[in-house]
Structures are given as structure tokens and as C-alpha cells.
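Using full-length UniProt numbering, the first residue of the sequence shown is number 1, and each one after it goes up by one.
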Amino acid sequence: MRRPLFNILLLTLIGVIAIWLGDRPGDLVLRWPGYEVRTSVAAGIGITLVSLGVVLVLWRGYAWLINWPDRVKAMRRKQKQARGEAAMAGSLMFLAEGNVAEARKAASEAQHNLPDKALPLLLAAQAARMDGNPALAEKNYQALIALPAPTGLITLPAPTGGANNPKELGYRGLFSMALAEGKKDEARAYLEQTLTNSATKHKPVWALQGLFQIEAGDGNWQEALKLVDQLSVRGGIDKSDAKRLRAVLLVAEVQALSLQLGENENAQMRAHGLKLVQRAIVLVPDFIPALVLAAQLASANIAGSSARKITKRIEQLWKKNPHPDLVTAYLALQPAKSALQNLKLVQKLTAKNRTHVESRLALAGTAIKARRWSMARVALRDETETPTRRVCRLMADLEIGENEDTGLAREWMDRALTAAPDACWVGPTGAASSWQAVCPETGQIDAYKWGLPGQIMQSPASTATALIG
1 MRRPLFNILL LTLIGVIAIW LGDRPGDLVL RWPGYEVRTS VAAGIGITLV
51 SLGVVLVLWR GYAWLINWPD RVKAMRRKQK QARGEAAMAG SLMFLAEGNV
101 AEARKAASEA QHNLPDKALP LLLAAQAARM DGNPALAEKN YQALIALPAP
151 TGLITLPAPT GGANNPKELG YRGLFSMALA EGKKDEARAY LEQTLTNSAT
201 KHKPVWALQG LFQIEAGDGN WQEALKLVDQ LSVRGGIDKS DAKRLRAVLL
251 VAEVQALSLQ LGENENAQMR AHGLKLVQRA IVLVPDFIPA LVLAAQLASA
301 NIAGSSARKI TKRIEQLWKK NPHPDLVTAY LALQPAKSAL QNLKLVQKLT
351 AKNRTHVESR LALAGTAIKA RRWSMARVAL RDETETPTRR VCRLMADLEI
401 GENEDTGLAR EWMDRALTAA PDACWVGPTG AASSWQAVCP ETGQIDAYKW
451 GLPGQIMQSP ASTATALIG
């Protein structure tokens, strides 16, 4: 809009000047020794404008010739950049196809055409790793570290808190290589160098996650907790997952402490463990493994306030999420001495959610131990049409206990072999008898889920598992 308006105004101005000159005729005279040139004002102005135009054209031509070498260099740089980008695209494609030799060749060409850029070096390092050449991969990662800060051409906006700083890309690659080779000390050193070189408010999330992985793997629970706080601040983990992860780490610390002390566990250590577990329950009130562990630790002083609070919490949780482990925890906190007293306690607990299958099974199991056969049979009545393995075993116990009918009990045990499985704790390696904060086989944290074997996806598991695994 502005340009057309400007052109109209310019034409109008030229017209006004032309009319003004037409109304005021006159001559321009140029005298030179021996010469005199006379012309009209309009012709003089025209000659002047043409002369200025010629001078401008000559000047532009001169400038074009002077700048010709720079333009040639710029054109060659552009062509070189295009070849480098094409080589990088080819290297990425070959890596995706698993053609390591061609990927390495394309990455080398990209390095040649883009010698001071991060991505060609990163592609070359990745191709070397896939080709089983860790020395070459390390060389390329070290070259990344030596690069200056990014200048704007093809750096890497790294995912999940990674960096587009070549140094961080290099340290990240060296860290992953060291970790894959089991060199924990080297991996930790690369992480510490990365964090040391980073601004306080901009610690790379990947480095914090990697350090968490090492600290948690080594059982340094308090250090791991501090890293969870930093990850939460940096956005590497959301607030709800951070709470869960803190609770898991607190329980992991207590489990590790109990395993370490064994029979040497004393009252002071139990009190310390109970304090940690109670912090976990505050963070995640429905965290069943924490409640179970708290009940075990508080059972030494069932008259204490901690035992009463845990008992109340179990009763509240049973209303919305009955779980067989809660029955064991509930009984550990009560001063019952006999099977009949346990039965009364279980009746009190299951009354808070009578219709749930776990209430019926808990009542049946306790009734069988208390030799209240009719109560057990009534509790199991609705479950025997399509019984699970647990129901089959309870029915076998009932037939043996009440009628001493070994034949019928054997039939129930045979049915248990083909019956549907019950929900249980499922970890990375399959079903488990109890929840563990750390999987002993894989080292994963919070990898156990409650459910039916085969129906729980272990990958990805939780945020904790993703961080540690």
C-alpha cells in the first residue's frame, strides 16, 4: 500500500515541477574558454539527470566487479553447505536402515563439507558406535567437545532437556558409551563435567537423569532424592511423578537398611526406618508397599500413635482399594493372639467394603484358619463358578479342614493348575511374591505393578523406571 502511494506522489511532484518550468521559460548558458553552450532549462535538467544515471550505472558496475570474488566464495559456501546437508540426510537414512558402512561414508562427507558443525560429528560418532568402533566414536565425541558454541547452522535441539551446545552433546555421547560399557566412574565424571560447565539454573535434564541413574543404582538414596528435586524444578519430571519417586526412594532406603542389618536391627534403626516410611506415606497416601512396611516397623510398638495412624489409614484405603497385603499389615498392628481374634479383626476390616472380591477372599482365608467352615464356604460361594487359582487353593484347604476329604481337595488343586491366575506383583522378570523398590535382577526402580501376569506392560513402566532403567 505504501509503495503505490509513494509512486503517485512522486509522479504528481514531477508533473507539478514540469508545469512550473513550462510557465517560466529561460536558458542555461555554459561558458568555457572559447566555447559557449546554450540550452533551455528543461533540456539542462534532462542532461543532468541522464549524466547522473550514467555515473550511477558505472559505479554499480565497478562495485559488482570488485565484489565478484566474494560472491563466488559465498556461492561455493552455499553449494558446500547444500552438499553437507545432503550428506547428513543420507547418513541419517543409512543409519535408520542399518547400513553402517554407507552411513559412516556419508557422515565423513558431511564432516568435510561442514567441518565446524555439530551434527556431522554426532552422525559420525553414532555410525562408529553402530560399527563397533568405540575409539573412533570417542574421537568424534571429543571433537564435539572441542567445538565452539553454536553459530546457528544445524546444531541439535536435544530432546528431554538435552542441549544444542556441542560440548554437552559430546559429554552426553561419552557418558552413554561409558555407561553401556559398565564404566560407572567414567560416566559419573562426564556428568559432573557437564553439570559443572552448565549455569546453575540451566542444568541439563539428561545429565541430572543420568546422575540419578548412577546414584540410585549405587544405593545412594539421599543423593538420588536431591536429584529428583532438581529434576522437578527443571521440568524433567512432573510433580505427581516426583512425589511417587520420592516415596519409592524412601521405601527403597528402608528396605536396603533392613536387608543390611538383618537380625542386628535395633529399636533406633526401626524408629528411623518408620520415620522415612511415614514421609513416603505423606507423599503418596495410597502407596500400599509403604503402608505394609510401616506396619512391620510399627508392630514392635502397637500401642504407639504411629501404629494407630497406620491402622486407620489401612482401613480408609480398604474402602476404595482392597489389597491382600493390607490384611497382613493390618493384623501385624493388632494385639490379637489367636486365629479367632484375627478373624474378628478381618471382619472389621472387610466390613468397610463387603462386596469386593478381596474382602471375601480375605474373610474366607482367615475363617479357615479359625476353623469357621460355614463362614468360609459362604464367603467363597460366589467365586467357585469361575474360580481363580487362589480360590481353588482355599477350597482345597476348606475340604481338608472341614471334611478331611482328600479326594475333593485334590480335585480343587488339579483345577488350580488350569485356573485363571490371580492378581499379583509383576516385575520386569515376571510375577513376584512381594513388591520391591529395586528389581534385584535389573536394578530398575518402582518396576513392580499389581495386576495379572501378561497383562502388565513393563516397557515403558513408570517415570522412575524410565529414569533408572
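Idealized CB from N, CA, C, for every residue including glycine.
- In the three-state scheme derived from DSSP, where H, G and I count as helix and E and B as strand, L452 is classed as coil.
- In this structure R313 is in contact with L291, their Cβ atoms being roughly 6 Å apart against a cut-off of 8 Å.
- Following the DSSP letters along the chain, one finds S374 inside the alpha helix (DSSP H) bounded by residues W373 to L380.
- Judged by DSSP secondary structure, G430 falls within the beta strand (DSSP E) whose first and last residues are G430 to A432.
- Contiguous alpha helix (DSSP H) elements confined to the segment 254 to 288 occur at 267 to 283, taking only those with 4 or more residues.
- If you check the CB distance, L274 and R246 do not come in under 8 Å.
- Assignment of W59 by DSSP, reduced to helix, strand and coil, places it in the helix class.
- For C424, the enclosing beta strand (DSSP E) stretches over residues C424 to G427.
- By the neighbour-count criterion, in which 16 or more other beta carbons inside 10 Å mark a residue as buried, R410 falls on the exposed side.
- Distance from the CA atom of S232 to the CA atom of K369, rounded to whole angstroms, is 48 Å.
- Around Y141, the same chain offers A125, G170, G173 and L174 as residues with beta carbons nearer than 7 Å, after the five sequence neighbours per side are excluded.
- Within its own chain, the residues whose Cβ lies closer than 7 Å to the Cβ of S434, once the five positions on either side in sequence are excluded, are W425, listed in chain order.
- If you draw a straight line from the Cα of K309 to the Cα of L333, it is about 10 Å long.
- At a Cβ-Cβ threshold of 8 Å, V357 and V327 do not count as neighbours.
- Within the DSSP bridge table, the entry for Y35 names W32 as partners.
- The C-alpha of Q436 is placed about 40 Å away from the C-alpha of L123.
- The segment 389 to 396 and the segment 358 to 378 touch, with no fewer than 3 CB-CB distances between them shorter than 8 Å.
- Rounded to whole angstroms, the separation of the alpha carbons of W32 and L52 is 21 Å.
- The three-state reading of DSSP puts S359 in helix, counting H, G and I together.
- DSSP places W221 inside the alpha helix (DSSP H), whose first and last residues are W221 to R234.
- G304 and A362 have their C-alpha atoms spaced approximately 26 Å apart.
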